[in-house]
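For what it's worth, numbering that gives the first Met the number 0 labels the leading residue of the sequence shown as 0, then goes sequentially.
These notes concern the structure reproduced below.
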Amino acid sequence: MSLVKLTPIQQRRLANFRNNRRGFWSLWIFLALFGLSLMAEVIANDVPLVAYYKGDLYFPVVESVPEETFGGFLPTEANYRDSFIADEIEANGWMIWPPIRFSYNTTNYNLEVPSPAPPSAENWIGTDDQGRDVAARVIYGFRLSVLFGLVLTILSCIVGVAVGAVQGFYGGKVDLLGQRFIEIWSGLPVLYLLIILSSIVQPNFWWLLGIMLLFSWMGLVDVVRAEFLRARNFEYVKAARALGLGNRKIMFRHILPNAMVATLTFLPFILTGAITGLTSLDFLGFGLPSGSPSLGELIAQGKSNLHAPWLGISAFVSLSIMLTLLVFVGEAVRDAFDPRKN
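Here it is, written out as C-alpha cells:
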C-alpha cells in the first residue's frame, strides 16, 4: 500500500515527467553523480579511511589522530603521506586508502615531471599548475557548484515568490512601484556589479551567495505576479475573503499553490544560471577564495596552460555534463506541468 496517495492531477504530472525519457534518466544520473560527490571525502582524500595500528582501529577520515599515536613526536594531526608514519603503520598494522589518495588541496611533491603533470596511475587526470590532483578537484568542485546553486535557487525562489505575490495580490501603487524598481534593478550590469562587490570584500561562500542573491531573485517575480493578478479576482478567492480570511492566508493558502506550478518549471534553469554565474566569477578571479575547489578556476588554469589540455578538458566535460543534465530535467519538469499534455 502506498504511503503517499497522489491525486489524479499529480499522477498525470508524474506520468508526463516519466514519458520524457531523456529528462527522467537525466534526473537519476544527476542524482547519482551528486550523491557520489557528497561522499567526496571517501573517494578522494589524503588520509586513509581506516588505520589499524598495534591492535587499535582508527578512522582518520572522520577523526584527527595525533602523530604521537603512531610513534611520532608531534601532538598535531599525523601526516599519513610521510614515509616515517606510513612505514610505522604498515609495520605494525595496515591502512585502507580512498581510491584517490589526494584531497582537493593536497600537493603532490613526488611528481617526476614539472607541474602541471599529465595523467598517470597516481593522478588519474593529471595535476594542475600547483601539483594538486585534478580528479579530486573536479569531484569537490562538482559538489561545491551544485550545493551553491541549490542554496541560491532556494533563496531566490523564496524572495522572488514573496515579491511577486505581494505585487500581484495588492496591485495598484504597490505593483506600480515594485515594477519600476525591478525595471531599474534588472537594467544594472549584473556581472560588473558582482565583480566590483567581490573586489571590495574578501568573498567566501556566504558572501558570494548574498551578493548573487541581490540579482538572481527577479527571474520568478513576473511569473508569480501574473498568476496572482489573474487569480485574485477568482470566485474561490472572493469566497475566502467573504468568509473572513486574512490577506496572508488567502495569498499563501489559496493562490500560491496555483502560482507554484509555473514557478517549479523555472527552478532547474535558475539552478544552471547560478552554477554558470559562480563559474564565471571564479574564472575571472572574483569568486571563491584561492585554493577552493572551483571548476571556474580550473578553466582559468586551462587557459593559462594550453600545453596541459587535461585541465580545460576536465572542467569543460564536468560542466557540460552537469548543465546538460539539468537542462534535460528542466524540460521534463516543464512537460510535467504542461496542462496541454495528457
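By construction, the Cβ of each residue, glycine as well, lies at the ideal position given by its N, Cα and C atoms.
Whose CA, out of LYS302, GLU330, ILE298, lies closest to the CA of PHE315? For the residues LYS302, GLU330, ILE298, the minimum Cα distance to PHE315 belongs to ILE298.
Looking at SER293 and ASP281, is the spacing between their C-beta atoms short of 8 Å? SER293 sits close to ASP281, with the two beta carbons spaced by under 8 Å.
Verify whether the separation of the beta carbon atoms of ILE210 and SER198 is less than 8 Å. Taking 8 Å as the Cβ cut-off, ILE210 and SER198 do not qualify as a contacting pair.
For ARG131, list the residues DSSP reports as bridge partners. THR106, per the DSSP bridge assignment.
Beta-carbon proximity of ILE157 to VAL137, cut-off 8 Å: Inclusion of ILE157 and VAL137 in the CB contact set at 8 Å is not warranted, their separation being larger than that value.
What three-state label does DSSP hand MET94 in the structure shown? DSSP places MET94 in strand when its eight states are reduced to three.
For GLU182, the nearest candidate out of ASN107, MET217, THR126 (CA to CA): That would be MET217, whose Cα lies nearest to the Cα of GLU182.
CB-CB length for ASN91 against TYR52, believed under 8 Å: Contact between ASN91 and TYR52 holds, since their C-beta atoms are separated by about 6 Å, short of 8 Å.
Closest to SER102 by CA distance: which of VAL41, ALA120, LEU73 is it? Of the candidates VAL41, ALA120, LEU73, the residue whose Cα lies closest to the Cα of SER102 is VAL41.
If distances are taken between C-alpha atoms only, which option among GLU330, LEU318, THR323, GLY301 comes closest to PRO342? One cannot answer for residue 342 here, as it falls past the ends of the chain, which runs 0 to 341.
Sequence-distant residues of its chain with Cβ nearer than 8 Å to ASP45 (five each side left out): If you ignore the 5 residues before and after ASP45, its C-beta comes within less than 8 Å of the C-beta of TYR79, ARG80, ARG100, PHE101, SER102, THR105, all in its own chain and listed in chain order.
THR262 vs VAL223 beta-carbon contact at 8 Å: Yes, the pair counts as a contact, with Cβ atoms nearer than the cut-off.
Tell me the DSSP secondary structure of PRO357 in three-state form. It is not possible to answer for residue 357, since the shown part of the chain is limited to 0 through 341.
Beta-carbon proximity check, ALA43 vs PRO97, cutoff 8 Å: Yes, the pair counts as a contact, with Cβ atoms nearer than the cut-off.
Cβ of GLU226 within 8 Å of Cβ of GLY171? No, the Cβ-Cβ distance between GLU226 and GLY171 is not below 8 Å.
Could you tell me which residues DSSP puts in a beta bridge with PRO202? Residue pairing of PRO202 in beta bridges, as defined by DSSP: absent, with no partner found.
So, is TYR139 buried or exposed, given that buried needs 16 or more other C-beta atoms within 10 angstroms? Burial call: buried.
To the nearest angstrom, how far is the alpha carbon of VAL189 from that of ASP221? Rounded to the nearest angstrom, the two C-alpha atoms are 18 Å apart.
Please give me, in chain order, every unbroken run of the alpha helix (DSSP H) with length at least 4 that falls completely inside the region 253–287. With a minimum length of 4 residues, the continuous alpha helix (DSSP H) runs that stay inside the region 253–287 are 255–263, 266–283.
Tell me, to the nearest whole angstrom, how far the beta carbon of ASP132 is from that of LEU310; I am working on the premise that it is less than 8 Å. Between ASP132 and LEU310 the beta-carbon gap is near 12 Å, outside 8 Å, which marks them as no contact.
Closer than 7 Å by C-beta to SER1: which residues in its own chain qualify, once you throw out the five before and the five after it? Chain order, please. Summary for SER1: the model assigns pLDDT 46, below 50, so the residue's position carries little reliability, and this model does not support an answer.
Considering only residues of the same chain and omitting the five flanking positions on each side of ARG142, which have a CB-CB separation below 7 Å? Cβ contact annotation for ARG142 (same chain, cutoff 7 Å, sequence separation greater than five): SER36, LEU37, ALA39, in chain order.
Once you ignore the five residues that flank HIS253 on each side, which residues in its own chain have a CB closer than 7 Å to its CB? The beta carbon of HIS253 is closer than 7 Å to those of TYR235, VAL236, ALA239 in its chain, skipping five residues each way along the sequence.
Can you tell me whether ASP334 is helix, strand or coil according to DSSP? Here ASP334 sits in helix by DSSP.
Between GLN9 and the ligand FMN, is the CB less than 7 Å from at least one heavy atom? This structure lacks the ligand FMN; in fact it carries no ligand of any kind.
Determine which residues share a DSSP beta bridge with PRO65 and list them. DSSP links PRO65 through a beta bridge to GLU76.
May I have the straight-line CA-CA distance separating LEU5 from ASP86, to the nearest angstrom? Rounded to the nearest angstrom, the two C-alpha atoms are 59 Å apart.
Compute the distance between the beta-carbons of ILE269 and MET321, then report whether it is under 8 Å. The answer is no: Cβ separation not under 8 Å.
Of all the options GLY148, PHE72, LEU26, ILE95, which has the alpha carbon lying nearest to the alpha carbon of PRO59? Considering only alpha carbons, the answer is ILE95.
What does VAL49 pair with, by DSSP beta-bridge criteria? Partner residues in the beta bridge of VAL49, as assigned by DSSP, are ILE95.
Tell me the rounded alpha-carbon separation between SER317 and SER279. When rounded, the distance between both Cα atoms is 15 Å.
Buried or exposed, going by whether 16 or more other CB atoms sit within 10 Å of the CB of ARG247? ARG247 is exposed by the Cβ-count criterion.
Exposed or buried, what is THR75 when buried is set at 16 or more other beta-carbons lying within 10 Å of its beta-carbon? With fewer than 16 other CB atoms across the displayed protein chains lying within 10 angstroms of its CB, THR75 is exposed.
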